[in-house]
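Structure record follows, encoded as structure tokens.
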Amino acid sequence: MARLLIVAAAGMGKRLGRDEPKALVDLAGRPLVSWTLDAVRSVLFARSRVAVPPGRENRFEAAIGGRAGIVTGGETRAASVRRAFDSLAAEPEDFVCIHDAARPFVTSAETVSVLEAAERTGAAIAATPVVDTLKRVDGDRVVSTVARDGLFAAGTPQVFRADLLARALAEGREDADEAALVEALGTTVSIVFVSRLGFKITTPEDLEMAEALIRSREPKSRKERTK
């Protein structure tokens, strides 16, 4: 059994208001994907792949610096993950960890927890409880309030036994995440509670929060030098 890693980095930064891939957006002086790789590769993986947008391979090579193999992604997330998965040549009993390039604050403890849960059950994902009151709307009008009991926001890492993931990807479905594809097989997916600091950078406000979080973690001496 081996642990394998896929970082999904083929998305564009349209909701960030950028014309470049989101994973290459500057975050505190480094590409976003570089921060994310540092975080997730603090756990030992036998092989790692980053799925990137077509035509941007050279820029990602420079950003990644040999820490993972590059795979040209497809038109959708599912297509990109399929290509990365195929390149890993996984054995059925291996476990594949899929992580969003836009989540740079995952901890090694969280990644290990999701891996270990999947190794017990076959499939596991990181998730956080929904804490806000949810409203179903039509246009600008509230239709109803959605009970949040039992609702969780799915995140990454998401880890699956390789034979399950292969079957799910072979179905050719396009869904919100890999967990949904595996669920469609009738497989139960386990939940691992993680910190809300593992948020996904999607909007300019998210990027501001990420910058602030990095600054708050800088050593005091460095902060004083940059004033």
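Numbering (the numbering used here), first residue to last: 5 to 231.
No residue lacks a Cβ here, since even glycine has one placed at the ideal position from N, Cα and C.
The structure displayed is predicted, hence computed values, not measured ones.
| Asked | Found |
| --- | --- |
| Please report the straight-line C-alpha distance between residue 225 and residue 218, rounded to a whole angstrom. | Because residue 225 sits at a pLDDT of 46, beneath the cut-off of 50, its placement in the model cannot be relied upon, and the point is left open. |
| Would you mind giving the Cβ-Cβ distance between residue 128 and residue 116, rounded to the nearest angstrom? I have them listed as a contact below 8 Å. | No, residue 128 and residue 116 are not in contact; Cβ-Cβ is about 11 Å, not under 8 Å. |
| Use the C-beta contact count for residue 138: other C-beta atoms within 10 angstroms, 16 or more gives buried, fewer gives exposed. | exposed |
| Given that a residue counts as buried once 16 or more other Cβ atoms are within 10 Å of its Cβ, and exposed if not, what is residue 60? | buried |
| Counting pairs of beta carbons, one from the segment 173 to 182 and one from the segment 84 to 101, are three or more of them closer than 8 Å? | yes |
| Residues in the same chain with beta-carbon distance under 6 Å from residue 185, minus the five sequence neighbours each way, listed in chain order, please. | 172, 177, 179 |
| Smallest Cα separation from residue 64: which of 80, 38, 79? | 38 |
| Whose C-beta lies closer than 7 Å to the C-beta of residue 160 among residues of the same chain, with five residues either side of it excluded? | 102, 103, 104, 107, 130 |
| Given a threshold of 16 other Cβ atoms within 10 Å of its Cβ, counted over all protein chains shown, does residue 112 qualify as buried or as exposed? | exposed |
| I think residue 19 touches residue 149, with their Cβ atoms under 8 Å apart; what is that distance to the nearest whole Å? | That pair is no contact at about 26 Å. |
| What is the rounded straight-line gap between the Cα of residue 45 and the Cα of residue 126? | 21 Å |
| From the DSSP output, read off the bridge partner residues of residue 96. | Beta-bridge pairing links residue 96 to no other residue. |
| Between residue 8 and residue 71, how many whole angstroms is the CB-CB distance? I'm expecting something under 8 Å. | Going by Cβ atoms, the distance from residue 8 to residue 71 rounds to 14 Å, so no, they are not a contact pair. |
| Mind pulling the beta strand (DSSP E) runs of 3 or more residues that sit fully within the segment 51 to 138? | 51 to 56, 73 to 76, 99 to 104, 127 to 133 |
| Report all residues from its chain with a CB closer than 6 Å to the CB of residue 146; omit the five preceding and five following residues, and keep chain order. | 139 |
| Per DSSP, what are the beta-bridge partners of residue 7 in this structure? | 99 |
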